[in-house]
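Number of protein chains: 2
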Amino acid sequence: MTLGLASESASGARAEDGYDLWLRYRPVEAPAAGAYRAAASELVVQGGSPTLAVARDELARGLSGMLGQAPPLAAAPGRDGTVILGTPAGSPLVARLNLPLEPLGPDGYLIRSVQVDGRPATVIAGNSDVGVLYGVFDFLRRMQTRQPVAGLEVAEAPKVKLRLLNHWDNLDRHVERGYSGQSIWDWWRLPDVRDPRYVDYARASASLGINGTVLNNVNAKADSLTAPYIAKAAAVADVLRPYGIKVYLSARFSAPIEIGGLKTADPLDPAVRAWWKAKADEIYRTIPDFGGFLVKANSEGQPGPQDYGRSHADGANMLAEAVAPHGGVVMWRAFVYSNEQPEDRIKQAYNEFVPLNGKFRDNVIVQVKNGPLDFQPREPFHPLFGATPKTPLMMEFQITKEYLGFSTHLVYQGPLYEETLAADTWRKGQGSTVAKVVDGSLFGHALTGMAGVANVGSDRNWSGSHFDQANWYAFGRLAWDPELSSRAIAQEWARMTFSNDPRFLEPVVGMMIASRETVVDYMTPLGLHHLMGEGHHYGPAPWVAGGPRADWTSVYFHRASPEGIGFDRMASGSNAVAQYAPEAGRALAADEKNLLWFHRVPWDQRVSSGRTLWDELVVRYTKGVEEVSAMRRTWASMKPYVDPQRHAEVAAYLAVQEQEAQWWRDACIAYFQTFSKRPLPAGYAPPAHSLDYYRSLEFPYAPGRGD
Amino acid sequence: MTLGLASESASGARAEDGYDLWLRYRPVEAPAAGAYRAAASELVVQGGSPTLAVARDELARGLSGMLGQAPPLAAAPGRDGTVILGTPAGSPLVARLNLPLEPLGPDGYLIRSVQVDGRPATVIAGNSDVGVLYGVFDFLRRMQTRQPVAGLEVAEAPKVKLRLLNHWDNLDRHVERGYSGQSIWDWWRLPDVRDPRYVDYARASASLGINGTVLNNVNAKADSLTAPYIAKAAAVADVLRPYGIKVYLSARFSAPIEIGGLKTADPLDPAVRAWWKAKADEIYRTIPDFGGFLVKANSEGQPGPQDYGRSHADGANMLAEAVAPHGGVVMWRAFVYSNEQPEDRIKQAYNEFVPLNGKFRDNVIVQVKNGPLDFQPREPFHPLFGATPKTPLMMEFQITKEYLGFSTHLVYQGPLYEETLAADTWRKGQGSTVAKVVDGSLFGHALTGMAGVANVGSDRNWSGSHFDQANWYAFGRLAWDPELSSRAIAQEWARMTFSNDPRFLEPVVGMMIASRETVVDYMTPLGLHHLMGEGHHYGPAPWVAGGPRADWTSVYFHRASPEGIGFDRMASGSNAVAQYAPEAGRALAADEKNLLWFHRVPWDQRVSSGRTLWDELVVRYTKGVEEVSAMRRTWASMKPYVDPQRHAEVAAYLAVQEQEAQWWRDACIAYFQTFSKRPLPAGYAPPAHSLDYYRSLEFPYAPGRGD
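Heads up: the sequence lines are chains X and E, in that order. Under the numbering used here, think of the first position of the first sequence as 124, with each following residue one higher. Under the numbering used here, think of the first position of the second sequence as 124, with each following residue one higher.
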């Protein structure tokens with residue numbers, strides 16, 4: 124009898140810990156393996172560059188993992204099934220094939236099954252080496268997801284130019300709204316020590332087509348622009364460069380005062396303009412392909428041009444002028460609102476930026492969150508999308524789950540991203556989707572972009588939970604093509620990350636897709652929003668009132684009273700609905716999913732189910748909890764298809780999610796009942812604890828806080 | 124031609140990243156492997172317990188890694204070379220062997236080559252299951268270090284009862300004086316999520332005989348004693364329990380006020396005593412084998428019994444009374460000093476605690492840092508050792524390198540620990556070493572202990588640098604036996620962690636041993652101390668003066684003036700030397716290594732080299748830098764013997780160390796020269812920068828700060 128416990132763990136073999144993300148490259152089973160081996164019998168790579176080297180290495184690594192060994196490298200095709208990598212400029216072999224690469228632009232690629240000297244081969248070609256790298260990841264992905272690799276006729280080009288992660292990472296490695304450990308950027312040890320993890324970050328990001336990363340928090344410190352920190356950023360840039368990823372920095376608007384010794388940061392002051400120009404020159408001397416600046420200005424206490432009576436355009440244009448000679452861009456965030464203004468918070472960004480339409484320099488793009496509030500479980504799309512035809516807007520999604528249960532809750536955000544991108548702004552008639560604003564096609568903008576607030580941290584599995592890797596993945600894929608289906612993305616991710624077994628895929632992808640509506644149900648059903656704990660944003664706290672800013676409270680947004688609940692944003696109220704094109708506004712306001720976002724509704728009003736609003740709220744909250752219980756059961760039944768470590772970890776997280784969904788339901792019902800003064804529908808359990816209990820809970824050590 | 128880059132990294136195989144520590148269990152080469160296989164042909168484990176299960180699994184894992192496969196498990200010996208695990212109580216087979224286990228106590232073990240039914244076998248036996256586990260690690264270590272495993276006659280028992288790590292880990296995962304990422308204790312996700320890393324922490328610690336861990340910072344928050352945090356600690360305790368590791372907590376003395384709702388924390392107040400008793404009962408209900416409390420009281424702003432006019436003994440005894448019924452202990456730290464007292468800071472702990480000799484309850488042990496100041500590169504041993512014959516003292520070493528270059532500098536602390544333990548207190552005549560105080564033999568104490576302030580964090584390699592793993596290792600081995608040689612420990616560690624190749628071992632172990640004197644040379648030669656940066660303790664700052672507390676400045680300690688430098692601690696000065704037994708004090712004060720610790724010395728006074736003090740200081744500082752350069756060269760030549768990733772990482776760190784050693788030398792020389800007003804000896808380069816430059820350096824994001 125052999126030792127019962129000489130299992131994977133007892134034998135010391137490394138468990139699946141999530142570090143490999145979707146690039147696991149585990150052995151492919153027969154018969155697929157045979158077909159893949161035949162299609163990748165040798166490699167021919169003509170031309171040389173660091174990017175081509177990493178493309179070649181990635182292909183070797185992937186094939187070696189999936190097929191048992193890497194095919195030999197040859198100088199020229201010498202057998203059936205050669206894989207040829209290269210660009211027309213660097214590879215005579217690729218040039219000779221006369222591929223229609225022209226329309227694909229610098230980042231696009233072709234994968235074609237061709238004949239070379241009478242032998243079948245596959246060519247992965249781009250106009251640039253990074254295009255080739257993207258093609259390699261595509262080719263590998265086809266094997267990882269068990270697609271055919273014969274008869275290929277693939278032509279791909281990204282629809283969006285800037286495909287960026289935004290790290291809200293501080294210089295002390297604390298990550299604002301980070302729930303996966305510390306920042307992966309080890310500023311302290313940089314530039315001397317380059318964590319091998321930076322390479323794997325680059326591989327994972329490049330596999331999705333991500334081509335830029337903003338290293339530091341938008342709530343920026345000026346120190347990040349000092350020489351020592353530029354040198355640190357340069358070391359990161361050196362590691363990321365072969366993967367086609369540019370480094371950007373968040374710039375603190377008052378840096379000329381804080382580290383420049385000036386008395387002002389007025390964007391129209393010549394000394395200030397000269398300081399930024401010199402600073403940009405200094406950065407580009409160290410990082411020749413530096414991407415540019417991201418700026419959060421005059422927002423939540425950050426300094427900005429309005430401190431000097433100047434506009435956001437004045438501020439952005441000054442920085443844009445500084446980086447323009449070097450080809451850099453400025454991403455200026457539209458997330459601005461002021462407590463001093465009596466105006467509905469969600470209307471303020473539109474009011475601020477629509478008048479600046481067309482007033483920005485060519486190399487400025489305005490970065491707009493998906494919704495007008497702040498990454499809630501559901502928001503209507505931001506009314507700025509489509510409202511500035513002369514100024515390009517880029518999308519800002521949040522990958523990290525600040526308002527979605529942190530990394531502990533399983534919430535696949537693909538459907539959220541998709542819902543926003545597919546929303547119709549009607550700004551140039553029906554079909555004027557947000558996606559078409561973002562990809563520049565609606566108004567003919569060449570400068571386009573999509574940013575995702577990263578959920579990457581020092582946790583071994585990168586994202587805090589295994590399923591949160593899917594949000595990084597979905598963001599990256601949608602930044603490449605904003606019209607992809609979130610379900611198809613989930614399929615692809617689940618195949619690569621877990622299993623190609625249909626008995627696994629069908630239930631798990633179904634669970635992922637449903638998870639977004641589930642979190643809406645147990646946190647903020649029917650258009651409710653901003654009910655979370657103060658500061659840390661953990662857990663339910665619809666009772667938050669007072670404090671430094673009314674627009675940071677919960678009561679500001681839900682406005683519950685004995686008469687009803689909801690924020691009237693119709694003409695009878697703040698009229699925020701008027702910020703949309705009429706057709707779009709009508710559609711949004713008529714959608715019951717947005718009911719309490721746009722309307723103030725009496726407790727007894729009937730909703731589409733025929734129930735009263737109060738009863739419907741209770742039903743929805745309860746349904747959210749039940750859906751999480753169902754997710755737990757689904758996952759438990761997936762045990763045969765998942766390695767033990769990841770199965771156990773996901774199961775543990777789902778148990779937390781179930782508890783916390785119950786907590787959200789119970790606390791919100793207990794609180795809102797003090798206004799509705801109505802009983803729960805028959806058969807619905809009362810909250811487990813008193814409202815006082817829920818109000819008494821404190822979380823002084825919640826992760827990810829902004830301070 | 125096969126692909127050039129299909130290397131370990133390109134092929135996706137995991138690099139040596141340091142995660143496995145000294146438990147790598149890599150394949151053993153012939154002919155040793157053959158001998159080991161013969162000696163471990165099957166396993167017989169009679170008796171069952173979680174501890175025996177992990178002992179068996181560890182043996183299977185180690186043998187499987189080293190020898191290719193784990194031997195089969197058998198019900199009874201059936202061939203030559205059986206390994207038998209067990210205790211006389213649990214295993215009839217072990218009982219039948221009539222082994223002399225009695226004298227070895229609960230944690231000891233025997234490993235013996237025996238004959239069972241006429242066949243050669245090896246028995247690993249203890250009085251307890253954890254003794255068996257320790258024996259398994261010893262047996263594996265013999266193979267890892269290529270020692271024979273035939274003819275074994277091993278009898279081991281720890282000389283110290285409490286062998287503890289102290290984690291200065293906050294509840295938000297920040298680690299005070301931590302330079303290896305965040306706390307491994309993921310308090311936020313506990314108790315629901317148990318990081319698999321906890322198991323590997325337990326394995327590594329148990330492999331050294333560590334049997335307890337204090338989970339939270341001595342600068343404690345009362346929250347750690349609330350029910351949710353007790354539940355979190357209990358989850359950790361559950362994971363560590365099979366490995367013989369008990370959980371302890373740092374207790375905040377004012378907790379009865381902060382979380383108990385009392386008006387006082389006066390240790391003589393009956394309500395306070397009742398509160399602690401109830402709190403202890405509550406903890407023990409959840410963690411039945413809870414170890415007890417560690418307390419930092421009336422020190423550096425922490426609350427304590429003196430706030431109520433009570434003594435340290437009053438405070439400790441109150442807590443001891445609360446845990447006594449459950450078998451718990453109280454470790455009361457002697458690290459106390461007050462800025463208000465005009466007395467030399469290093470004298471205060473002795474003055475405070477010697478009068479309390481014999482006034483503590485039986486289950487109290489006083490925890491004393493190795494030296495009277497604070498973990499400096501060199502300090503004479505703490506004068507309390509040997510000075511409280513009726514009160515047991517435990518040793519507190521710092522494994523994390525707060526004052527030794529953080530995790531970036533290669534400093535093996537074995538010689539530092541050994542120097543302290545081997546120091547002679549002379550309290551009962553010659554040979555009354557600190558080790559004999561610590562192991563209880565000098566005064567006949569049964570309660571003994573040694574604590575190490577952990578350097579364990581979330582970094583993949585646990586300790587921030589690969590070589591800092593050796594400090595964790597050395598601490599653990601010395602806690603088991605304070606009389607081990609630090610060189611032998613370094614050998615053992617280097618063999619297990621890197622290579623058994625003598626071409627590697629000789630230079631690298633030599634470098635490790637020398638590294639401690641090297642850091643003394645480039646930071647604080649000739650008895651200098653406390654010259655580091657303020658607050659963060661990074662880098663040189665001998666100019667620190669003013670601020671909130673004189674005894675936190677550098678000038679308080681070095682006292683440089685145009686006349687000379689050093690702290691007169693002889694009868695003519697603070698007379699701290701009188702806190703030692705006369706023979707010990709004479710020896711310490713006469714040792715040139717402690718020159719400026721005990722004496723104020725004119726710049727022109729000749730030292731043993733024949734040089735003036737000033738010249739000698741410059742020579743020593745310079746030598747320190749040169750020694751680091753030599754370490755770099757040594758390491759560079761070790762490339763053939765070390766895997767690429769670890770080799771590159773250590774090399775990068777050594778480059779930083781060289782720069783920073785130079786910085787220490789230059790800044791200190793530039794500063795002290797303003798007093799000595801003497802030229803540098805001929806041939807010695809002046810500092811690279813001006814003193815103003817060094818003084819201008821700021822490090823706002825230095826890791827590990829105390830706030």
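Glycine residues also receive a C-beta, built at the ideal position from the N, C-alpha and C atoms.
Residue of the options minimising C-alpha distance to residue i
i, options, result
"X/Asn440", "X/Glu423, X/Phe458 and X/Asp485", "X/Asp485"
"E/Ser214", "E/Gly188, E/Gly249 and E/Asp203", "E/Gly249"
"E/Ala403", "E/Gly450, E/Asn421 and E/Phe483", "E/Gly450"
"E/Ala378", "E/Gly367, E/Leu363, E/Lys355 and E/Ala350", "E/Ala350"
"X/Trp720", "X/Arg743, X/Gly258, X/Arg734 and X/His652", "X/His652"
"E/Asp315", "E/Ala345, E/Ala472, E/Ile353 and E/Lys746", "E/Ile353"
"X/Val576", "X/Val477, X/Leu711 and X/Gly335", "X/Gly335"
"X/Pro465", "X/Tyr679, X/Tyr431 and X/Arg317", "X/Tyr679"
Terminal residues of the alpha helix (DSSP H) in which residue i lies
i, result
"E/Met761", "Looking at the DSSP string, E/Met761 is not in any alpha helix (DSSP H), and its letter there is neither H nor E."
"E/Ala574", "Segment Gly572 to Val576 is the beta strand (DSSP E) holding E/Ala574; no alpha helix (DSSP H) there."
"X/Gly708", "Pro705 to Ala713"
"X/Glu640", "Pro625 to Met646"
"X/Gly185", "Pro173 to Leu190"
"X/Glu165", "Segment Glu165 to Val168 is the beta strand (DSSP E) holding X/Glu165; no alpha helix (DSSP H) there."
Residue i, DSSP secondary structure in three states
i, result
"X/Gly135", "Caution applies to X/Gly135, whose pLDDT of 44 falls short of 50 and renders its modelled position unreliable; the value that the coordinates give is listed next. X/Gly135: coil per DSSP, three-state reduction."
"X/Gln782", "helix"
"E/Leu372", "strand"
"X/Arg149", "coil"
"X/Ala248", "strand"
"E/Ser236", "strand"
"E/Ile382", "coil"
"X/Ile410", "coil"
"X/Val678", "helix"
"X/Leu128", "For X/Leu128, the pLDDT reaches just 39, beneath the cut-off of 50, and the residue's location in the model is therefore unreliable, leaving the point undetermined."
"X/Gln521", "strand"
Any non-hydrogen atom of the ligand MG within 8 Å of residue i CB
i, result
"X/His812", "The model depicted lacks the ligand MG and carries no ligand whatsoever."
Residue range of the unbroken beta strand (DSSP E) whose run includes residue i
i, result
"X/Val316", "No beta strand (DSSP E) contains X/Val316, which DSSP labels as neither H nor E."
"E/Thr205", "Thr205 to Gly209"
"E/Gly332", "Premise fails: E/Gly332 is in no beta strand (DSSP E) and is neither H nor E."
"E/Phe690", "Here E/Phe690 belongs to no beta strand (DSSP E), and DSSP marks it neither H nor E."
"E/Phe416", "Gly415 to Val418"
Close Cβ partners of residue i (< 8 Å) along its chain, the five nearest in sequence each way excluded
i, result
"X/Glu165", "Pro194, Pro195, Leu196, Ala197, Pro200, Gly201, Arg202, Gly204, Thr205 and Val206"
"X/Phe621", "Phe627, Val631, Tyr764, Val765 and Arg769"
"E/Glu475", "His435, Ala457 and Val459"
Nonlocal neighbours in the same chain, by C-beta distance under 7 Å from residue i, ignoring five residues either side
i, result
"X/Arg639", "Val534, Tyr535, Gln536, Pro538 and Leu539"
"X/Glu750", "Ala637, Thr641 and Asp644"
Cutoff 6 Å; reference residue i; Cβ partners in own chain excluding five residues on either side
i, result
"X/Leu570", "Ile488 and Pro515"
What are the complete alpha helix (DSSP H) segments, minimum 4 residues, inside the segment 444–507 of chain E? 471–476
Please give the ranges of any alpha helix (DSSP H) in the segment 536–620 of chain X, keeping only runs that are unbroken, at least 4 residues long and fully inside the region. 537–545, 557–561, 592–603 and 609–620
Secondary structure, beta strand (DSSP E): runs of 3+ residues fully inside the segment 253–328 of chain X: 276–279 and 285–289
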